[in-house]
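What the sequence shown shows, in the UniProt record's numbering, is residues 1 to 223, in sequence order.
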Amino acid sequence: MFPQKGTRLVAKAYDPLYFNDSDGYLNPFLCMDRSYTHEANAYIALNEFQGQGIPRYHGSYASSLSVDSAPTQTVRIILIEHIRGITMADAETRKFPQAARQSILKSIVDLESRIYEKDILLTGLEPRNVIISSPDSEQPRVVFIDFGDALFNRRRDDPISFELNDFLGEYISPLLRWNEIKGRGYAFSEWIDWDWDPWLKAEFAHTAASITSEMRERWSDDY
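Right, here's the structure in full:
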């Protein structure tokens, strides 16, 4: 469904011509097809988050493109909402007071955990894929982008992962998945200048009641 006339959108094209693999080991056509399939389906699966934690999705399409004298080729395209703001990778950390940075990280942990509850693991969650859409606010709003590497059912297709109980469809407390030893917050280390675990425990203490002994064993520090 198209938005109102005049609404700004982003067209993301999955063109193998621009696939970055300097070593030449990967098939760009298969990789682009996988990225398109995963991203389009992630937006559909995460429909309830559209317009809040992720951009609104306006469908997928095919477009014929040509470069110079090369034959025309068909590539897949998705249309998503244009988000005003700046990525965390481009933002100057020093301009954000600690309270604002803590608000940003809390939003990231909370949103990622709720998306994980939908059985989707965001392997590409890092500063370049998080837009701060209200950078001047005391409580900046964050929006996740780029779901081409999203994993469904919380796992890769390998034998070892299928042996683990991932508690599909259940909320997993950040106290288990986001503690410092898991390293999930490492990508955002430039934004963090406080003791992570005590802060995490204080902010997400209300989720402790949801933790079962089986979950605690599954996400123990030994994994």
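Backbone N, C-alpha and C define an ideal beta-carbon position, used for all residues, glycine too.
- Counting only runs of 4 or more residues that sit fully inside the stretch 119-164, the alpha helix (DSSP H) segments are 159-162, in chain order.
- Per the DSSP secondary-structure output, Y116 pairs with nothing in a beta bridge.
- For E48, no beta strand (DSSP E) segment is defined, and its DSSP state is neither H nor E.
- Looking at the backbone, the Cα of I80 and that of V143 are separated by about 12 Å.
- A Cβ-Cβ distance of about 6 Å is found for the pair P140 and S103, placing them in contact under the 8 Å criterion.
- Counting only residues of its own chain and dropping the five nearest sequence neighbours on each side, I44 has a CB closer than 8 Å to the CB of Y57.
- L176 carries a helical assignment under DSSP once its states are collapsed to helix, strand and coil.
- For R76, the enclosing beta strand (DSSP E) has its first and last residue at Q73 to E81.
- Of the candidates S60, S133, K12 and I77, the residue whose Cα lies closest to the Cα of M88 is S133.
- Ranked by Cα distance from R76, the options G85, R84, G59 and A91 are led by G59.
- DSSP, reduced to helix, strand and coil, places S66 outside both helices and strands of the structure shown, so it counts as coil.
- In the structure shown, L9 adopts extended strand secondary structure according to DSSP, grouped into three states.
- Remark: C-beta atoms of D197 and Q98 do not approach each other more closely than 8 Å.
- Judged by DSSP in its simplified three-state form, Y25 adopts coil rather than helix or strand.
- At a Cβ-Cβ threshold of 8 Å, D119 and F152 count as neighbours.
- Per the DSSP secondary-structure output, I86 pairs in a beta bridge with I132.
- Around I83, the same chain offers P55, I131, S133 and V143 as residues with beta carbons nearer than 6 Å, after the five sequence neighbours per side are excluded.
- Inter-residue distance for H38 and A150 is about 6 Å (C-alpha atoms, whole angstroms).
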